[in-house]
Amino acid sequence: MAPHSPSTSVIAAISAAVGGITTYFALRAYGRRREKTLCKFAIPASLLADDCPYREEIQVAVRLALEAGENMKSHSDTKGTLQGYESEHGLDIAHKSAEIDFATAVDILNEKVISDGIKKAFPSHTIIGEETVGTGEVPPLGSSPTWIVDPIDGTTNFASGQPLTAVSIGLCDGGRPVLGVAFAPITGELYLAITGRGAFRNGVRIHSTNQTSVSIKRLSDAVVCCEFGYARSDQAVRDMVGAAEHILQHGCRTLRQLGSGVLDICYVASGRIDVVYTGVADEGWKPWDYCAAMVVAEESGCTIRSLKGAPGKIDASDEFDKDGQVVQGSSFNIYSKSMICGVNKTIVEECRKTVLG
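So for the sequence shown, the working numbering puts the first residue at 9; every next one is plus one.
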């Protein structure tokens, strides 16, 4: 050892001290990041005001959506690693009505977390969840408060480690959607809306029709989105590809498929997509794909309606729900098998006519 070099014990003490300081600052930085994240997901004051309907419901829905989102992040963060490969077997993928329609263990866990939380907070409310309904018939929508839940929208994206996936929690009252919460945990975005109170993304109001460029946008300049869903019969494939061909031949900026119907609609609401359509060939969308996002879209100023039927009506090709009901006071029925949502009425009608040929 050199004459003036520190002893091993001194080096260890210094290292421990430096390590402690480093850990201290690292923890402080983590705390600041966590605090910033929590602030980002704070509910806007206008939705918590005493005169705001459903202020208690939206607090519960946001808390449960964030909790479910944490369950999803642990899988996404390890995708593509050895740890991710080992944990992937724990997803327990179960197929539903079609080989490409499946649920993971996290879907089941999330639905339990959300359902248990709603039952505890609002024991008299009804819950319709994707995984509990499974391949059975979707229950009719009554007039009492009813929660419609998709524990993971975009399950294929989630299982593949792709970021466009979301938790969707919607509330219907009096037979129509009145509250929507959609949380995309991987991209870190929380969409909120209450009827008559506006729509928000991470606490910031979104309102597409206030943008001059949006109010005059036409299909030829548009970002268009569609989803092929689960339809795979020869005729269904011809119909879906034919509709996409009509759009491309007409002309558009681009045609996209994102893999999450909830985010498709929320992205229209926030101006990232100009128009999205589904239902050309019974692609498989259900009320839980529409409910929460529909409130976000309508409150942001978007136009949403049936692709095939008259606005506010169930498509002529659809089966009516048990009550044969049409949602009153709304432009769209969440039991419809087809939908088109756009930033304004002009682009919706232009896209609709083009898709249907």
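All C-beta atoms, glycine included, are put in the ideal place defined by N, C-alpha and C.
Using the beta-carbon count (16 or more within 10 Å), is residue i buried or exposed?
i       : result
Glu-65  : buried
Glu-107 : Confidence at Glu-107 is low in this model, with a pLDDT of 44, below 50, so its placement is unreliable and no value can be given for it.
Val-212 : exposed
Ser-314 : buried
Ala-324 : With a pLDDT of only 46 at Ala-324, under the threshold of 50, the placement of this residue in the model should not be trusted, and no figure is reported.
Ser-268 : buried
Arg-261 : exposed
Gly-259 : exposed
Ala-289 : buried
Pro-131 : exposed
Gly-204 : exposed
Glu-306 : buried
Cys-274 : buried
Taking the alpha helix (DSSP H) that residue i falls in, what are its first and last residues?
i       : result
Ile-66  : 63-84
Ile-255 : 242-258
Val-276 : 269-277
Pro-296 : The residue you asked about is not Pro; residue 296 is Trp in the sequence shown. Unbroken alpha helix (DSSP H) run through Trp-296: 295-307.
In terms of residue numbering, what span does the beta strand (DSSP E) encompassing residue i cover?
i       : result
Leu-117 : Where Leu-117 is concerned, there is no enclosing beta strand (DSSP E), although the alpha helix (DSSP H) it sits in stretches over 113-129.
Pro-148 : Neither: Pro-148 is in no beta strand (DSSP E) and is coded neither H nor E.
Leu-187 : 184-192
Val-288 : Looking at the DSSP string, Val-288 is not in any beta strand (DSSP E), and its letter there is neither H nor E.
Thr-311 : 311-313
Once DSSP output is grouped into helix, strand and coil, what is the label at residue i?
i       : result
Cys-359 : helix
Cys-349 : strand
Val-141 : helix
Leu-179 : strand
Ser-168 : helix
Asp-282 : coil
Leu-55  : helix
Thr-163 : helix
Thr-354 : helix
Cys-60  : coil
Leu-263 : strand
(request) Examine the Cβ distances between the segment 145-162 and the segment 244-253 and report whether three or more of them are shorter than 8 Å. (result) no
(message) Could you check whether the segment 297-314 touches the segment 349-363, counting it as contact only if at least three pairs of C-beta atoms, one from each stretch, sit closer than 8 Å?
(response) With a cut-off of 8 Å, the segment 349-363 and the segment 297-314 count as touching, because enough Cβ pairs lie within range.
(request) Kindly provide the ranges of any beta strand (DSSP E) runs that are 3 or more residues long and lie completely inside the segment 194-221, ordered along the chain. (result) 197-202, 206-209, 212-214
(request) Please confirm if the segment 238-245 is in contact with the segment 185-194, defined as three or more CB-CB distances below 8 Å between the two stretches. (result) no
(request) Examine the Cβ distances between the segment 116-129 and the segment 231-239 and report whether three or more of them are shorter than 8 Å. (result) no
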